Structures are given as structure tokens and as C-alpha cells.
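Sequence order for the protein chains is H and L. Under the numbering used here, the first residue of the first sequence carries the number 1, and numbering increases by one thereafter. Under the numbering used here, the first residue of the second sequence carries the number 431, and numbering increases by one thereafter. Glycine residues also receive a C-beta, built at the ideal position from the N, C-alpha and C atoms. Bear in mind the structure is a predicted one, so any value in this text is a computation, not a measurement. Structure record follows, encoded as C-alpha cells.
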Amino acid sequence: MRRKINVLLAVLLAFALVLTGCSSSSSSGEESGKVVLKFLHKWPQPEYAPYFEEVVKAFEKENPDIKIKIEAIADEPIKDKLRVILGGNEVPDIMFSWSGEFARKFVRADAALDLTPYLNEDTAWKDSFIPASLQPFTSNEKNYGIPLRFNGKFFVYNKKIFDKYQLQAPTTWDEFIQVLDTLKKGGETPIILGNQSPWAAIHYLTGLNQKMVAQDVRMKDYNPKSGEFTDPGYVKAMEMLADLNKKGYFMKNVNSSSHDMGQQLFAAGKGAIFYVELEEFQTIENNMKGNWGFFPMPSIADGKGSQSFITGAPDGFIVSSKTKHPKEAIKFLKFLTNKDNALKLVKQIGWPSPIDGATNPDTALKEVAEGVDYMKKAEGMAEWLDTDVHAKVADVYLSNIQLLLDGSKSPEEIIKEVQKVAKQVQSEVE
Amino acid sequence: MTKTFRNSRTAILFILPALLFILFFVFLPIVLNLYNSLFRWNSFDAGRVFVGLEYYGRLFKDPIFFTALKNNSLYAVISLVFQVGIGLIIAAVLEDKLIRRFQPFFRTVFFIPSVISIAVVGLLWQLLYNPEVGLVNGVLKTLGQSEWALSWLGDSKIAIYAVVAVSQWQYTGYMVMLFLLAMQKIPFEYYEAAMIDGASKIKTFLYITLPQMKEMILVGTVITVIGAFKVFDEVYVMTNGGPGRSTEVLGTMLYRAAFRNDEMGYASTIGTIIFVVTLTLSLIQLKIGKSGQEV
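This is the structure we're talking about:
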């Protein structure tokens, strides 16, 4: 009998060993007295990742007692993974986040650290940012995020094609339609759109919603606690987008081409106009060598929203509320956003920096500097629709926009679904 | 204490580790999943709100759920026809005396797609299906069938068929391989006897090959049907449920609920339903096939 118990114990022990072997292989926060910070960003691409590696190396050199572990997850997967990571035990101290609702849902769950005291403590740091870039990261007057980039959306156009038809960059929607009509009649593809990932068309709707709906109404609707989406402007905005497609101004098969492919088509001169982010300007310039210009979304005469907003938003970093080293994390963020590194960001990878004065014609591409100027002068920013509303509302918009463009759903049907889910969200968000 | 009794105790002792593993990693998650589906919660917020069976009610009113069910069933039916039906025919043809010499070649060719990782296959077919630069439309246009050159993954009415077709391309060869193995285990004497009796090739196939392969065919159907209801990667990589929600299957619907919409409770509900569906289907199939009994 005793022997049997021994065998049983041995088996259980082996089992327990296997189990423990699976879990917790590492969890030593400090190695040899150093503070270790985990830093999660979203640029694993070889053209961008070295920037972060170099900045981290420089920081570690200046602060030998802090070690930073970098991790990078690409744009699309990070939307999902960030949520899972935040629920786990090994939460990064500093992590990427979009501004707006995307960050606010982490704030509501007490997962993001309130950075207001740190910003107020060092006003020089706070004042170094363009104010419009800090604002989208606030919730109830408190700052939760530090912007890294200041991104805007603009239409770029092929100069050669525009010159051929003697066209000017349009400033009003009516002019815009006229331009498109001329191009269409001339046998050109007026607009390139790669909507395989539906954010591409959502960026159109981001601007159209903002221009068509009064600011206070839109803000109330975008807030998960009070969203109703009953303003007729939302339907009108979708109709305008659908019209661009119905009249044949978009290229064919928008839903089965990717944005990257769109970029190649634009570079090859296969279309006249393409809607891109400021961060893509450098790539466009590399491909087009000066044969391009840009303009913001034209103003709409009967729109109820402000016509001098620019579509776009900053994105940057939030600090985990679970971090054991908030001071060190802030120290790193300050280092990352100091003037030298902001200039490095602009020069090395051509991204628009939210640090006032960092993006100027000497450091950046002329067009990028002009784009940032547009955003500085703008009355406000229309933040990306897919990160500015509650995730569930965004999901309804994202999945339906493809159906709007292939004609299988009408704007009225879509807005009804949006209203329904907004109501559901209202009851769930306290 | 008899010897047999003692033996069986030792046997239980040996089974114990495996049993514990299964309890911890299979049965416990199933029960936890059921429990989790009763709460509104997400992965990063500590707060949980008890909602009871609310999510089950919502699921059965959710039109996307029925789209997903329809797509999964479509997946199952088409996979049965191609992977089991046509796979069986291909296997029989390859086993035929005339072609047998070339069998290793064909077997390899048919099998290769199933060893490529799904992420690669998905990206590959995304390119092949591309309406402007893709091979599929290129071939169709060369053949003069321009009206068939469609926007395969971009049209909400046909996208699901395009996705299902990729699965057939990938896994039919795998089934052929399994069927060939089973066919080669059938004793040759049966065929000799049939030949002496003057049975035609089709009759031999129907009355000897098929009944002898019953077990393997059953395994094949169970694998394909359950696979069809658990499918996720192909759809996720190629269309992510789009355009709109037209290619949504239960797997992608679960993923969307859990990781996009922060509704872990709803995702658990969908998970429970997938479990119930696959369990029922495999029980039915085992019942029909009376697995375990020799013919």
C-alpha cells in the first residue's frame, strides 16, 4: 500500500512539475539593481523601428540605472492585443495608444495613469507641445497620454494630370465635384481608394461627419454615455460618400484593393487624387519627386459643423496605472519628446512632430511642414471616427462602410444600426 | 483483493496524469466558459457585471449570428462534397492500376497545399483574387471570359464562396492522402474475387472499396464538418469577416466580440454555442456511422 502511495506521489509530483514549468519562467522586475521599463510601440517596420532603438540606447546611456525593454506590434494587431496585454500580469509600463475614445476606454477601466501632475510640475515640457495635440488625450480635463506624432489627413493630387485639365486644388465641395467630373470625362480615374481594410473609407466619413454635423451635437453623440446619432447630417455624410462611388469617381473594386496598393497605383499615375495621412507624405515624395500637391478636405456650404477643422489626430503613449516606476516612465517620455528627439523624428522618418517648431521647412519636407501649419491654424481636429467613438459603434461603421460602397446597404439602414448599438452602449457604460 | 482489481488500480494510476491534464485543460475551460458567458466583462477592466442569460437572448436575435451559422454550414456542405466526395474519387482514380505508377507524383502535388501555413495561403490567395493584378482574373480574361472576372473578395455576395474555395484547394489533397492509406489496407483478394466474378470497376468501387473504407470515410466527414464549424484563420486572414459582415463565421464573430468590441461575455456565449454545435454534430455522425463496430 505504501508503495502505491509513493507511486501516486511521484506521478503527482511529475504533473506538478510540468504545470509549474509552464508558468512564470520570468518575472524578475529588477536585474542587478536596475529599474526595468517595458516599452510597447507599434512600428516593427525596418524603416521606423531603428528610430526607437536609437533613442532608447541614448536614454540608457544617460541613465545607466534604467533599462528599457522594447516591444513592437504592428498597427492592425495592436488594436486587439493591447486589450489582452492590459488584462494580463505583465503589463508594459509605457504603451502606444491612439487618442480619443481608444485611450479613454483604458482611462475608464483605471488602466491608464493620470499624467496631469507630471505635466503641471514641468510646465516647460507641457508648453513644448502644440496644444491641439495634447487635448485629444484628455478625459475630464485630465491628461492621460503624451503625443508622439501629430497626424492629419489630406488629399494629394497628381500635378501632371491636374495641369493637363487645367485644374486647381478645390476649396469647396462643389469645386471638388467639378474637378472630379472633369477628370472622369477626360477618362481618368479621379480618386484612388483601397478599402479592403475599411478604415480607408472611414477616414472620408470622419471628415464628412465633422463638416455636416454641428460640433456640440457630434461630441455628444461620440460620447459613449450620450450617443444617439439622430442628426440628419450623419445620413447626409454617408450619402455624399456613396455618391462619390455611384458617380464613378472612385476607382473600381474599392473593397478588394488595399491602401498600400492604392499608394502604388497613385505613384504609377493611374489616378489623380488619393486621400492620405501626413505621415505618408515622405513616401509620396519619394515616389512622385515633386509631381504632387495637396489640399485639405474641401468645405461644404450647407454643413453645420465648423468648416475649418482638419481631419486627423495625434497618437502617442499612455503609462500603465500598474507601473511600479512612474517617475522613470515619465523621465523616458520626456526624453522621447525633447526637442532633439523630436527633430530626429522629423528628419529621420519624416513624421510630423507635435513639439512646437520641430516640424519646419528646414527639418521636414516642405509639404509636411505646411500640413502641420494647416493643423496648427485649424479651429480643431476631427479625430478618426474608428478610434473616437466607442469600439462597438466603430465596428458597426467599419463593417457597413464596405456595404455602403458596394451598394448593398443604404445610409438610412446603416444609421439605424448605429443608433441601435449606440443605445446599447449607453446602457453599458456607466 | 483479487489480482484483476489490483491491476485495474495500477491502470487508473497510469491514466491519472492524462486525466488530470484533460480535466484542467479541456473540461475546466468548458465549464469556466459557460460561467464567463453570464457576465459583462472585458480583458482589461476588473469589474464584472452579472447579466444572466442576456447574451444568449441577444445572440439569437443577432442577424450576424445567422449569417455566421449559414456561412459555417455552407463551409461544411461544400467541404463534404469536395474533400470527402471528390477526394474519394480522386483517391480511387489514383489507386487504379493504370495510374498507380504516377501515384507518388500526384499524391505529393495534391498534398503540398495542406502543408503551407494558413497565413501564407491567405495572403497568397488575396493576391490571386485581386481583381486588377490577380492571377484568377488574368486567366479568365485571357480565356475570353471577362464577364467572369469578378471582384472576388470585395463583393459581399460571392466573397464567402471565394474563401471556401481556398479551403477546398488546401485540404482536398490531405483527404486524398488519408483515403489512399485506407484503400491500400484493403486485402487484394477481395478485388481478385470480384474480377473473377466479372464485376466492373465502378461496381468494385461501390461494393468493395466503399464498405471497406467506412471507418475512414466517417473520420473524414467528422474532421471536415467539425473543421468547418471551427474555421477561423482562413477567413480572418483573407477577409476578416468582410465585406461588411458577409463572410463572418462563428470563429471570427467570437474574435470580433472578444478583441474588438471588448465583450468577453458575448464571446464566451458564442464559444459555448460553437461547442454545442460541434458536439451535437459529431454525436450524430458517430451514431449514424456506429463507429467502432466492424462491418
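Item, Value
"Where the alpha helix (DSSP H) containing S698(L) begins and where it ends", "694–719"
"Limits of the unbroken alpha helix (DSSP H) element including I653(L)", "644–660"
"Buried or exposed by the 16-neighbour rule on C-beta atoms within 10 Å, applied to E279(H)", "buried"
"Within chain H, the residues that N560(L) reaches when beta carbons sit closer than 8 Å", "S256, S257, M261"
"9 Å Cβ cut-off: residues of chain H touching S473(L)", "R83, V84, I85, L86, G87, G88"
"G603(L) in three-state terms, based on DSSP", "helix"
"CB contact check: W555(L) to chain H, cutoff 8 Å", "no"
"Proximity test, Cβ basis, 8 Å: Y204(H) and chain L", "no"
"R531(L) (DSSP reduced to helix, strand or coil)", "helix"
"4 or more residues per run - each alpha helix (DSSP H) lying fully within the stretch 316–399 of chain H", "326–336, 339–349, 366–377, 385–388"
"Within chain H, the residues that R686(L) reaches when beta carbons sit closer than 8 Å", "D395"
"Whether T682(L) touches V655(L) by CB criterion (8 Å)", "no"
"DSSP beta-bridge partners of P147(H)", "G316(H)"
"Terminal residues of the beta strand (DSSP E) in which S97(H) lies", "94–98"
"Identified DSSP bridge partners for H41(H)", "A72(H)"
"Residue range of the beta strand (DSSP E) that includes E277(H)", "273–277"
"Environment of T123(H) [buried if 16+ CB atoms lie within 10 Å]", "exposed"
"Inter-stretch contact (C-beta, 8 Å, three-pair minimum) for the stretch 196–214 of chain H and the stretch 241–259 of chain H", "yes"
"Any chain A beta carbon closer than 8 Å to L403(H)", "Going by chain labels, chain A is absent from the structure shown, which instead holds the protein chains H and L."
"Residues, ordered as in the chain, of the stretch 362–393 of chain H that lie near chain L by beta-carbon distance below 8 Å", "A391, K392"
"8 Å Cβ cutoff, A103(H) in contact with chain L", "no"
"Beta-carbon separation (whole angstroms), I78(H) vs F96(H), contact threshold 8 Å", "7 Å"
"Reference F39(H), options F281(H), K57(H), N143(H), I300(H), closest by Cα", "K57(H)"
"Length-filtered (4 minimum) alpha helix (DSSP H) runs lying within the stretch 546–623 of chain L", "548–559, 565–572, 589–614"
"Complete runs of the alpha helix (DSSP H) confined to the stretch 198–272 of chain H [at least 4 residues]", "199–212, 215–222, 232–246, 259–267"
"Beta-carbon neighbours of R470(L), restricted to chain H and to distances below 8 Å", "E428"
"Assumed close pair L241(H), I192(H) - CB separation to whole angstroms, cut-off 8 Å", "The Cβ separation is near 15 Å, so there is no contact."
"Inter-residue Cα distance where the pair is L174(H) and I704(L)", "The identity of residue 174(H) in the sequence shown is Asp, whereas the question assumes Leu. In a straight line, the C-alpha of D174(H) is about 51 Å away from that of I704(L)."
"Whole-angstrom C-beta distance between I355(H) and F129(H), which should lie under 8 Å", "6 Å"
"Residues of its chain near D75(H), where Cβ-Cβ distance is below 7 Å and the 5 sequence neighbours each way are ignored", "K42"
"Min CB distance N437(L) to chain H below 8 Å", "no"
"Where the stretch 188–213 of chain H meets chain L: residues whose CB sits under 9 Å from a CB there", "N195, Q196, S197, P198"
"Buried versus exposed call for Y465(L) [16 or more other C-beta atoms within 10 Å across all chains shown]", "exposed"
"Closer than 8 Å at the beta carbon, the chain H residues around G695(L)", "Near G695(L) there are no residues of chain H at all, since even the closest Cβ is about 11 Å away, more than 8 Å."
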